[in-house]
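For the sequence shown, numbering that gives the first Met the number 0 assigns the number 0 to the initial residue and increments by one for each residue that follows.
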Amino acid sequence: MPRVLQEIIASKKAGQKLLAVLIDPEKFDPHNAKEFLRKIPFLTTHILIGGSTVAAEDLEVCVQAIKEQTDLPVILFPGDYRQISDSADALLFLSLLSGRNPEYLITQQVKAVPLIRKTSLEIIPTAYLLIDGGKECAVEKVSGTQPLSQNNISEIVDTAMAGFYAGKKLIYLEAGSGALNPVSSDIISAVKETVDIPIIVGGGIRSSKQLSLAYEAGANMVVIGTAFENGDFFSL
Ligand code: 1GP
């Protein structure tokens, strides 16, 4: 089994919690990579790189700058099919299962294939669920899809389960960058009870309290972007 996914699954079995720092190349100066990495929490286990509107060249420069400065696994978290870099370790091959836009269910994925085949990236099939974070987010705008309501837990669980049945290896519960309300503990624990694959949670997490709540509810990996972009680092 490929290494990055294997390690995520192993950490789930071991009850070890993972922390990913998300870098959006559009908001990141590659010259500051060393300084940025020095400031992230020592508990960080992964770096995610991607954004809604990043040019392929900017992504490549960013990934290379980060790889030069760290041994942490670098995982692509693409906003569109061009965000592919062979310098990274793995790619979250996302399907936006919460939406009903074929462009983000399969069209972008087909377009990505010729680019991916030129790389040796580890491909991780990932069910991506956008959940209402209390304000319109970039994913919603770019994809033209509606997030799932935080109140409709059964629909969220069924969507995650459909992803599992379709062969996805990870479930990503996304409240959107800068969300006012992160994905609730009730949602995380309901998905965890039903779907036995690792759960990633992101969007709007900006305090160690929120981080702990997500872990306690069953998140295996938590992704944090904005809180680090702002230099608004909290102690973990
Ligand atoms: C990753 O979109 C999130 O899933 C990142 O959200 O920028 O709010 O941390 P924040």
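We put the CB at the ideal spot given by N, CA and C, even for glycine.
- For the 8 angstroms CB-CB criterion, Leu96 and Ala126 form a contact.
- Under the DSSP definition of a beta bridge, Pro124 partners with Phe92.
- Residue environment: Asp185 is assigned as exposed (fewer than 16 neighbouring CB atoms within 10 Å of its CB, all protein chains considered).
- Each of Leu212, Asn180, Glu59 and Gln209 was checked against the Cα of Asn150, and the nearest Cα belongs to Asn180.
- For Gly201, the enclosing beta strand (DSSP E) covers residues Ile198 to Gly201.
- Residues Leu95 and Ser142 of the same chain have their beta carbon placed closer than 6 angstroms to that of Tyr103, with the five preceding and five following residues left out of the count.
- Counted as a single uninterrupted DSSP element, the beta strand (DSSP E) harbouring Ile48 occupies residues His45 to Ile48.
- With contacts defined by Cβ atoms closer than 8 angstroms, Ile187 and Ala213 form a contacting pair.
- If you look at Tyr171, you'll find it in the beta strand (DSSP E) that goes Leu169 to Glu173.
- Residue range Ile152 to Tyr164 is occupied by the alpha helix (DSSP H) that includes Ile155, with no beta strand (DSSP E) assigned at that position.
- Using a Cβ-Cβ distance cut-off of 8 angstroms, the segment 16-31 and the segment 104-112 are not in contact, since fewer than three pairs of beta carbons, one from each stretch, lie closer than that value.
- Nearest in C-alpha terms to Ile130, of all of Asp157, Asp28, Gly202 and Ile223, is Gly202.
- In the DSSP assignment, Leu21 forms a beta bridge with Leu47.
- Look at Ile39 here: in three-state DSSP terms it is coil, with no helix or strand label.
- In terms of Cβ geometry, Glu139 and Ala89 do not form a close pair [threshold 8 angstroms].
- It is roughly 21 angstroms from the alpha-carbon of Asp70 to the alpha-carbon of Gln82.
- The alpha carbon of Ser119 has as its nearest neighbour, out of Ala165, Lys110, Ile74 and Ala161, the alpha carbon of Ile74.
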